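Protein chains in written order, with my numbering: chain L, 835 to 1151; chain Y, 3 to 278.
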Amino acid sequence: MTYAFRAEGLTKRFGTTQALDSIELAAEHGTVLGVLGPNGAGKTTAVRILATLLQADSGRAQVNGYDVTRDAAKVRRSIGLTGQYASVDEDLTGTQNLVLIGQLLNLRSAAARARAAELLEWFDLTDAAGRMAKTYSGGMRRRLDLAASLVGRPAVVFLDEPTTGLDPAKREDMWGVVRQLVDDGSTVLLTTQYLDEADALADEISVIDHGRVIAHDTPDGLKRVIGGQRIRVRPSDLGRLDEVRAILGQIAGASPEESARHQLTVPVDDESALAATVDRLTESGISVTELSFHLPSLDEVFMSLTGRPTETTKEAA
Amino acid sequence: MTATAVHPTESTQPTSRAGELTDEGSTLRHAIALAKRSLIKTWRTPEALVDVTLQPVIFILMFTYIFGGAIAGGSQHEYLQFLLPGVLGQTVAMAGIALGVNLNTDIEKGVFDRFRSLPISRSAPLVGAVLADVVRYLILFVMCLGTGLIVGFHVGTNPLAVLAALGISVAFALCFCWISVWVGMIARTSGAVQGIMFLLVLPLSFVSNAFVPTATMPSWLAQVADVNPISHLVGTVRGLMVGGPVASNLLWTLGWMAVLLLVFVPLALRAYRRRA
């Protein structure tokens, strides 16, 4: 089997922090690997090693058939990198940013301009092309950053938390771009803190924690392990929490857990459970401050997989 | 955050896709593209040029009119003749500080991560930034000389010698600024770059012949001042613009330039590679 990228037993230590602890990541050509994990799990460190920005302490990694250490230059010809924080040049316009990258990729001036215009069009930035990037909104900046990583038509694209901090509509836009990339034949490594994002985009998901993979599966396979959709309810009258608990228990056939204070969450099998919940709550005259139907949050995924919540307070690696 | 292994050398495999240039001479081409980027940034933030525009003007005026009377036996004009090459030497050293500060900021913002993920020579972003600084040093020289001429500086040689002074000043600046590039790579914050560089440049420019003849210093200090690269640059420029012998100072200056390059370019490149 040929992989578009493959990391085997990568380890990396920063001082006393074991950022990567023998991590394994791989994706076949034309697929999306979702790397799901909390801050500090090692997502960014793994991406930086695959993108030749950082050397691993041990282990091997290949991208597009090239070793990231021995053939770093060839790897760099094959990749596009979009960092967790937009790394466009704020004092340059959208066009100038992209033309510069084109020139650095040995495009002739005319070709660099044409490619820049094409990408600006694709990312809906044509109107803002002549404005300095510092005047862009967060979403526009992310799009420009992503465009910059695609100038060279890379075979492998690394997207490090491309939607963190974006509002839901902008996230959907970004998802559309990722799907388009894959349709065009690119392979994508996407790191994220959201299961719904990995579920929407990835062919396979690696859940990582403390620099190691703790679960690897297809989205469906993973959901079989951690449960699919959940219903979460927070009654406005906290005295009726036990009644809510009983209702949810009957509908789901499992006992709800108190995922936060006065908030009950229970996994359900299908969408009809939501209507049933609404009906039962209405019948009983229980008003709620929160009622949601969602895929498990990262915390819930980790609770299912490791039996403990994430440690999101740790410094991002 | 250091990586211990050495990066492999860049591939020289030619590319042949339509609209693409070959790798031939690509490092210089990339450096020029990156220099253009720095110049665009400078153009957009003209206030970042204070250190090469207002600063030399203020230094020349302050030193001439405040210290001039006391230092050169009462003749401000005579002191100006002595001072102008000195201020040039000092401001050349100070003007390099901004480079390290800017590079540090770029790295902090993640702009350099993008460059490092591209198939370009690792030195191109640094060389590009240094090349762009040429424009700043040209402005600096013109401001120094212009201000001097307005307040009564008299060129004692000829235009060709003044051009030579310009050439050696800019060339020296391009070598000296690699100290700032290196500090920009190793310091944690841009503020620290500024602090460290001031701590280096201020004593270096004052313990020299820039403002007073070194003969007036205690002998141990004079000895330090006499080997100081800034003293030799200032001595060379004095010879070229005011008159007097040039050869010895020029040789010393060229020697110092070589040493600065040999020491700080490799240090800066290594620090850049290791910075993760």
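Where a beta carbon is used, it is the ideal one built from N, C-alpha and C, also for glycine.
Quick caveat: nothing in here was measured; it's all calculated off a predicted structure.
One or two residues paired with residue i in a DSSP bridge
i	result
L/Y837	L/E862
L/M966	L/T927
L/V990	L/I913 and L/T1021
L/E1091	L/T1099
L/A1049	L/V1041
L/V1122	L/P1069
L/D901	L/Q896
L/T1026	L/L870
CA-to-CA distance, residue j to residue i, given in whole angstroms
i	j	result
Y/T93	Y/K111	28 Å
Y/K38	Y/A134	7 Å
Y/A249	Y/L235	11 Å
Y/A166	Y/V239	8 Å
L/I1048	L/V1041	6 Å
L/D994	L/A861	16 Å
L/K1148	L/N873	Note that L/K1148 scores a pLDDT of 41, beneath 50, so its modelled location is shaky; the value from the coordinates is reported in the next line. Their backbone Cα atoms lie some 7 Å apart in a straight line.
Y/A5	L/Y900	Only weak support exists for where Y/A5 lies, its pLDDT of 38 falling under 50; the value from the coordinates is given anyway. Their backbone Cα atoms lie some 20 Å apart in a straight line.
Y/P220	Y/S210	12 Å
Y/G76	Y/A194	40 Å
L/T1052	L/A1109	28 Å
L/E842	L/V1112	48 Å
Y/F69	Y/E80	12 Å
Chain Y contact residues for residue i, given Cβ-Cβ distances below 7 Å
i	result
L/T1025	Those within 7 Å of L/T1025 in chain Y number zero; the least Cβ separation is about 15 Å.
L/Q788	Coverage of chain L is limited to positions 835 through 1151, which leaves residue 788 of chain L absent and any answer about it impossible.
L/R910	S119, L120 and P121
L/A1107	Result: empty, since nearest Cβ-Cβ is about 44 Å, beyond 7 Å.
L/Q930	I42
L/G917	G112 and D115
L/I913	S119
Residue-level contact to chain Y via CB, residue i, 9 Å cutoff
i	result
L/E1152	Nothing can be reported for residue 1152 of chain L: it is not among the residues displayed for chain L, which extend from 835 to 1151.
L/Q1063	no
L/N898	no
L/L867	no
L/A944	yes
L/L1132	no
L/G1073	no
L/G1152	A question about residue 1152 of chain L goes unanswered here, because the residues of chain L that appear run from 835 up to 1151.
L/A948	yes
L/A895	no
L/A951	no
L/A907	yes
L/R840	no
Reduced DSSP secondary structure (H/G/I, E/B, other) of residue i
i	result
L/L844	strand
Y/H9	With a pLDDT of 35 at Y/H9, under the threshold of 50, the predicted position of this residue should be treated as unreliable, and no value is reported.
L/F957	coil
L/P1069	strand
L/D1001	coil
Y/Y139	helix
L/W896	This sequence places Gln at residue 896 of chain L; Trp is not what is there. Three-state DSSP puts L/Q896 in a strand.
Y/G150	helix
L/L1139	helix
L/Q852	strand
L/E1038	strand
L/L888	coil
Y/T66	helix
L/S1131	coil
L/D1113	helix
Y/E110	helix
Y/T93	helix
Y/T17	Unreliable positioning characterises Y/T17 in this predicted model, as indicated by a pLDDT of 41, which lies under 50. A coordinate reading is not provided.
L/V869	strand
Y/E22	strand
L/I1081	helix
Chain Y residues whose Cβ lies nearer than 8 Å to that of residue i
i	result
L/D925	I42, K43, R46 and T47
L/L1035	Those do not exist, as L/L1035 stays about 22 Å from chain Y at its closest Cβ, beyond 8 Å.
L/A982	R116
Any chain L beta carbon closer than 9 Å to residue i
i	result
Y/V137	no
Y/G71	no
Y/L113	Sequence inspection shows Val at residue 113 of chain Y; the Leu mentioned does not correspond to that position. At least one chain L Cβ lies under 9 Å of Y/V113.
Y/R272	no
Y/A325	Absent from the model: residue 325 of chain Y. The displayed extent of chain Y is 3 to 278, so no value can be given.
Proximal residues of chain L, C-beta to C-beta of residue i below 7 Å
i	result
Y/I122	L938
Contacts of residue i in chain Y (Cβ-Cβ under 9 Å)
i	result
L/Q1084	Those within 9 Å of L/Q1084 in chain Y number zero; the least Cβ separation is about 52 Å.
Interface partners of residue i on chain L, CB under 8 Å
i	result
Y/D309	Examination of residue 309 of chain Y is not possible in this model, given that chain Y is present from 3 through 278 alone.
Y/H32	Q937 and L938
Y/R39	D923, L926, Q930 and L934
Listed by chain order, chain L residues near residue i by CB distance under 9 Å
i	result
Y/E22	L939, N940, L941, R942 and A945
C-beta neighbour in chain A for residue i, strict 9 Å
i	result
Y/S28	Absent from the structure: chain A. Protein chains present are L and Y.
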